[in-house]
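Chains as they are written, first to last, in my numbering: chain A, 755 to 1068; chain B, 22 to 372.
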Amino acid sequence: MIYIVTALYAEAHPFITRFQMKKDSSHTRFQVFLNREANLCLIISGTGSVPSAAAVSSICTEYGTGPRDFLLNTGICAQILSERETPYSAGNPCRTGQIFLCSKIREQVTGRTFYPDLLYRHRFAEAQIITGARPYEKSIPAVTRTDEFLLYDMEAAAVYQAGSYYFGPHQMSFLKIISDNGNPEHVTSEQIEHLIHRNMDSIADYIASLQTILQEACQDELLAKTHREETLHTEHQPESFQKESLLKELEQLCDDLHCSRTMAQSLRQHIRYCILSGVDYASVLKAMYQEGKLPCRDKREGKQCFEELKKRLL
Amino acid sequence: MKSLRKDYYNPFFSHIYVEEAVQDHLRTKRILQRFPDANVILIGHYKDVFCRKGQNYILQQQSQNLILAAKQGSLIYEGAPVCQNFGNENFYYTSCIMNCIYDCEYCYLKGMYPSGNIVIFVNLEDIFAKIRHHLKEHPMYLCISYDTDLMALEQITGYTEEWITFAKEQSGLMYSGTMPLKIEIRTKSADILFWQRHTPIPGVIYAITLSPQAVIDACEHKTPSLHQRLASVKEAIRRGFPVRLCFDPMIYCKNWEQQYGEMLRQVFTEIDMDKLENVSVGTFRVSQDYLKKMRKNQPQSAVIQFPYQNDNGVYHYSRELTHQMEGFLVDSLTKKLPKDKIFLWENEEKT
Chain A
755 MIYIVTALYA EAHPFITRFQ MKKDSSHTRF QVFLNREANL CLIISGTGSV
805 PSAAAVSSIC TEYGTGPRDF LLNTGICAQI LSERETPYSA GNPCRTGQIF
855 LCSKIREQVT GRTFYPDLLY RHRFAEAQII TGARPYEKSI PAVTRTDEFL
905 LYDMEAAAVY QAGSYYFGPH QMSFLKIISD NGNPEHVTSE QIEHLIHRNM
955 DSIADYIASL QTILQEACQD ELLAKTHREE TLHTEHQPES FQKESLLKEL
1005 EQLCDDLHCS RTMAQSLRQH IRYCILSGVD YASVLKAMYQ EGKLPCRDKR
1055 EGKQCFEELK KRLL
Chain B
22 MKSLRKDYYN PFFSHIYVEE AVQDHLRTKR ILQRFPDANV ILIGHYKDVF
72 CRKGQNYILQ QQSQNLILAA KQGSLIYEGA PVCQNFGNEN FYYTSCIMNC
122 IYDCEYCYLK GMYPSGNIVI FVNLEDIFAK IRHHLKEHPM YLCISYDTDL
172 MALEQITGYT EEWITFAKEQ SGLMYSGTMP LKIEIRTKSA DILFWQRHTP
222 IPGVIYAITL SPQAVIDACE HKTPSLHQRL ASVKEAIRRG FPVRLCFDPM
272 IYCKNWEQQY GEMLRQVFTE IDMDKLENVS VGTFRVSQDY LKKMRKNQPQ
322 SAVIQFPYQN DNGVYHYSRE LTHQMEGFLV DSLTKKLPKD KIFLWENEEK
372 T
């Protein structure tokens, strides 16, 4: 699932429309919209660090996020124009409506900095963002003017920090669209919606890439699993060791060997290695059962038998 | 069907993180010049990126980034007990680069580091100064390519060349007729041109790791083939470079005897064994803490999921299998090399 976090309804609305998301009315504290087929879930957090952290935590706990999920924070931001270009600044003149993928997030109040991984190809410009506690206004000397090209918002650092409890840095992206450069009072809901809408195609492409990556990761796991199971079934394994009964049979084998906890762990590791390296462990076990070496009568015999089994397997 | 997944990843070194303190360092500028299209991100400390929680080492290796930083604190370390000292006293290692462009499934770096990105410390001069300080008191045997493959990164860093120059500068100082500084550069790279561009320096030994092609195919991803490595070794020896062949780690597979036998046949055919400095032999071993992480990161890797035996916090093959594998290799090598040139890891003894 890709979890999209926006601060405002105006930022969310273009997503709801584009991806035909339906409101999940079971949520009362935050507005949540879903498209289960597309594996998309959107939550509207409200403005600021505390609401956005609470929203991320709420949705991630509710849905039980895992390694195959992704967190996307998107919305508008302000620009802090540099006085001059530095060798490392983005170098592009900034303009309202331009979208950026954040490569570095600084929390203004603590000075802490966060770096989402940038593993996947994209077609956005990249920029650093400062997350502050109140809207950026040119007239308020709250943000130090620097030589660097910077963005400014009120959520990214909090979303990253709350997201870190559920996601790795490779599972989080921050897409921000410039709405103003320090005059937030002039930005209307209609304008926000328009800015998001203008960039929706490129955002949708990025989401589609993420969906494919996540889907492929799942398929890879499934294929690897299926391949191992097919190998077990078609090449090496008797009926008794097919997928559904593997765990049960292992349990039985542990009983037949009178395994201690340590022995059982070692046995599982041996079988895991045999499966991965294509060793026909089932034939070895079958032979030992036929020879009457299994099941064992007691722990002592079990230990001896386990030693023999290990030698036969490797 | 072939997966298109790799197309989703950014190219290697698309992003370079640079500590603010070293952004004007000459080596930083030199490395950045090699990547004019990279996005440069300034950072406070390399650990802010390298040590983030929840990183996926394996995914990051698909799209590795560079981190340029200054090494602080300990600059050289005493040799670890699981490493060979080849009879040298004052055995140290240093880590001027962390992580590797090669992707060997069994590599302990996958268990040691939280990130798959590569950290390059640009303040080599501080490491050199520390070594000079040690050399005033005693000679040193120093391994400089443990936590990376220095020669594989030579095109990017030029560090091997810098180390060679440094070693040459120290060669004037002698201890009872022995070299004050001996350095070992361990590698799996096979850059024949390197030997053509450089001259042999006394005290700089090149330790080249060889594995059967089946092991390379299964576990040593992105590394040169056995054929390429042998061609490189041959050229190095021909040009008079001191070469150590490392059959370490030996990796178990069902037909290991056949695989290692075939590899040795190729080695004996291609390499003039009389001209080797020495060889090292050792089966795979790794600390339990590293293996735990490696198993978590690579659940599908047979070499990592092998049921190793744990003794005093070090996982290794059973004593019997270790003796069989190492014995086979040592016996075969003994036919071509004097025993005092064959070093076994176990007990740090010559055979």
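By construction, the Cβ of each residue, glycine as well, lies at the ideal position given by its N, Cα and C atoms.
Excluding the 5 residues preceding and the 5 following residue 289 of chain B in the sequence, name in chain order all residues of the same chain whose CB lies nearer than 8 angstroms to its CB. Translated into positions along the second sequence, residue 289 of chain B becomes position 268. If we look at residue 289 of chain B and ignore the five residues flanking it on each side, its Cβ neighbours are 357.
Have a look at B:211, B:210, B:225, B:189 and flag the residue whose alpha-carbon is nearest the alpha-carbon of residue 203 of chain B. Position 182 of the second sequence holds residue 203 of chain B. It is B:225.
Determine the DSSP secondary structure at residue 827 of chain A, reduced to helix, strand or coil. Stepping through the first sequence from its first residue, residue 827 of chain A is reached at position 73. Of the three classes helix, strand and coil, the one that applies to residue 827 of chain A here is strand, per DSSP.
Please report the distance separating the alpha-carbon of residue 1025 of chain A from that of residue 1041 of chain A. Here residue 1025 of chain A refers to the residue found at position 271 of the first sequence. Here residue 1041 of chain A refers to the residue found at position 287 of the first sequence. C-alpha separation (whole angstroms): 16 angstroms.
Buried versus exposed, by CB contacts within 10 Å (16 or more), residue 304 of chain B: As a working note, residue 304 of chain B is residue 283 in the second sequence. A residue is called buried when at least 16 other Cβ atoms come within 10 angstroms of its Cβ; residue 304 of chain B meets this threshold and is buried.
Interface positions of the region 73-102 of chain B facing chain A (Cβ-Cβ less than 9 angstroms), listed along the chain: 73, 74, 75, 76, 77, 80, 81, 83, 84, 86
Under 9 angstroms, CB to CB, which of the residues in the region 871-882 of chain A have a partner in chain B? 871, 872, 873, 874, 875, 876, 880, 882
Counting only Cβ pairs nearer than 7 angstroms, list the residues of chain A close to residue 323 of chain B. Numbered from its first residue, the second sequence carries residue 323 of chain B at position 302. What residue 323 of chain B touches in chain A, judged by beta-carbon distance under 7 angstroms, is 1027, 1030, 1031, going in chain order.
Test: residue 141 of chain B CB closer than 8 angstroms to a CB of chain A: In the second sequence, counting from the first residue as 1, residue 141 of chain B sits at position 120. Output row for residue 141 of chain B: interface = no.
Taking CB distances under 8 angstroms as the criterion, tell me whether residue 111 of chain B reaches chain A. The count along the second sequence starts at 1 and reaches residue 111 of chain B at position 90. No, because no Cβ of chain A sits closer than 8 angstroms to the Cβ of residue 111 of chain B.
Thinking just about the alpha-carbon of each residue, which of B:167, B:58, B:190, B:337 is nearest to the one in residue 209 of chain B? Locating residue 209 of chain B in the second sequence gives position 188, counting from the first residue. The shortest C-alpha separation from residue 209 of chain B is found at B:167.
Short CB-CB distance (under 8 angstroms) between residue 326 of chain B and chain A: The residue labelled residue 326 of chain B in the question sits at position 305 within the second sequence. It does; some Cβ of chain A falls within 8 angstroms.
Inter-stretch contact (C-beta, 8 angstroms, three-pair minimum) for the region 1048-1067 of chain A and the region 857-870 of chain A: Short answer: they don't touch.
Could you tell me the boundaries of the beta strand (DSSP E) in which residue 930 of chain A lies? The residue given as residue 930 of chain A occupies position 176 in the first sequence. Run containing residue 930 of chain A: 926-934, per the beta strand (DSSP E) assignment.
CA-to-CA distance, residue 48 of chain B to residue 263 of chain B, given in whole angstroms: Taking the second sequence and counting its residues from 1, the one referred to as residue 263 of chain B is at position 242. Taking the second sequence and counting its residues from 1, the one referred to as residue 48 of chain B is at position 27. Here the C-alpha atom of residue 263 of chain B lies approximately 28 angstroms from the C-alpha atom of residue 48 of chain B.
Which two residues bound the contiguous beta strand (DSSP E) that contains residue 243 of chain B? Walking along the second sequence from the start, residue 243 of chain B turns up at place 222. If you look at residue 243 of chain B, you'll find it isn't in any beta strand (DSSP E); DSSP assigns it neither H nor E.
Just how far apart, CA to CA, sit residue 212 of chain B and residue 965 of chain A? Sequence index remark: in the second sequence, residue 212 of chain B carries index 191 (1-based). Sequence index remark: in the first sequence, residue 965 of chain A carries index 211 (1-based). So the two alpha carbons sit approximately 40 angstroms from each other.
Per-residue burial, residue 57 of chain B [other beta carbons within 10 Å of its own, 16 or more giving buried]: The residue labelled residue 57 of chain B in the question sits at position 36 within the second sequence. Residue 57 of chain B is exposed by the Cβ-count criterion.
Where DSSP assigns a beta bridge to residue 164 of chain B, which residues make up the other side? Indexing the second sequence from 1 puts residue 164 of chain B at position 143. Note: residue 164 of chain B sits in a beta bridge opposite B:114, B:205.
Name the chain B residues that come within less than 7 angstroms of residue 867 of chain A, Cβ to Cβ? The residue given as residue 867 of chain A occupies position 113 in the first sequence. Under the 7 angstroms cutoff, chain B gives 65, 69.
Just the chain A side, please: which residues come within less than 8 angstroms of residue 30 of chain B by C-beta, in chain order? Here residue 30 of chain B corresponds to residue number 9 of the second sequence, with the count starting at 1. Correct list: 873, 874, 875.
Could you check which residue in B:154, B:269, B:30, B:354 has the C-alpha nearest to that of residue 295 of chain B? For this step, residue 295 of chain B is matched to residue 274 along the second sequence. When only C-alpha atoms are compared, the closest one is B:354.
Enumerate in chain order the residues of its own chain whose CB-to-CB distance from residue 83 of chain B is below 6 angstroms, with the five nearest sequence positions on each side excluded. As a working note, residue 83 of chain B is residue 62 in the second sequence. 30.
Have a look at residue 908 of chain A and residue 778 of chain A and give me their C-alpha separation to the nearest angstrom. The residue you call residue 908 of chain A lines up with position 154 of the first sequence. The residue you call residue 778 of chain A lines up with position 24 of the first sequence. Going from the Cα of residue 908 of chain A to the Cα of residue 778 of chain A covers about 26 angstroms.
Outcome for residue 857 of chain A when other beta-carbon atoms lying within 10 angstroms are tallied against a minimum of 16: What you label residue 857 of chain A is simply residue 103 of the first sequence in a count that begins at 1. Residue 857 of chain A is buried by the Cβ-count criterion.
With a threshold of 8 angstroms on Cβ separation, who are the neighbours of residue 179 of chain B within its own chain once the five nearest residues in sequence on each side are excluded? For the purposes of this step, residue 179 of chain B is taken as the residue at position 158 of the second sequence. These residues qualify, in order along the chain: 51.
Using the Cα positions of residue 958 of chain A and residue 910 of chain A, report the straight-line distance between them to the nearest angstrom. The count along the first sequence starts at 1 and reaches residue 958 of chain A at position 204. The count along the first sequence starts at 1 and reaches residue 910 of chain A at position 156. When rounded, the distance between both Cα atoms is 20 angstroms.
Please confirm whether residue 1057 of chain A has its beta-carbon closer than 8 angstroms to some beta-carbon of chain B. Here residue 1057 of chain A corresponds to residue number 303 of the first sequence, with the count starting at 1. No - not a single Cβ of chain B is within 8 angstroms of the one on residue 1057 of chain A.
Within 10 Å of its beta-carbon, does residue 164 of chain B have 16 or more other beta-carbons around it, so buried, or fewer, so exposed? As a working note, residue 164 of chain B is residue 143 in the second sequence. Its Cβ being crowded by 16 or more others within 10 Å, residue 164 of chain B is buried.
Please name the residues in the region 958-970 of chain A whose beta-carbon is closer than 8 angstroms to at least one beta-carbon of chain B, in chain order. 963, 966, 967, 970
Given a cut-off of 8 angstroms, decide if residue 938 of chain A and residue 891 of chain A are closer than it, judged by their beta-carbon atoms. By 1-based counting over the first sequence, the position of residue 891 of chain A is 137. By 1-based counting over the first sequence, the position of residue 938 of chain A is 184. The answer is yes: Cβ separation under 8 angstroms.
For a contact defined as C-beta to C-beta under 7 angstroms, what are the partners of residue 923 of chain A on chain B? Locating residue 923 of chain A in the first sequence gives position 169, counting from the first residue. Those within 7 angstroms of residue 923 of chain A in chain B are 73, 75, 76.
Comparing alpha-carbon positions, which option in A:902, A:1049, A:827, A:755 lies nearest residue 807 of chain A? For the purposes of this step, residue 807 of chain A is taken as the residue at position 53 of the first sequence. Minimum Cα distance to residue 807 of chain A is reached at A:827.
Length at least 4, wholly inside the region 763-825 of chain A: the alpha helix (DSSP H) runs in chain order: Fully enclosed alpha helix (DSSP H) runs of 4 or longer: 763-772, 803-817.
According to DSSP, residues forming a beta bridge with residue 342 of chain B: As a working note, residue 342 of chain B is residue 321 in the second sequence. Answer is none; residue 342 of chain B lacks a bridge partner.
Residue 291 of chain B in three-state terms, based on DSSP: The residue given as residue 291 of chain B occupies position 270 in the second sequence. Looking at residue 291 of chain B - three-state DSSP - the assignment turns out to be helix.
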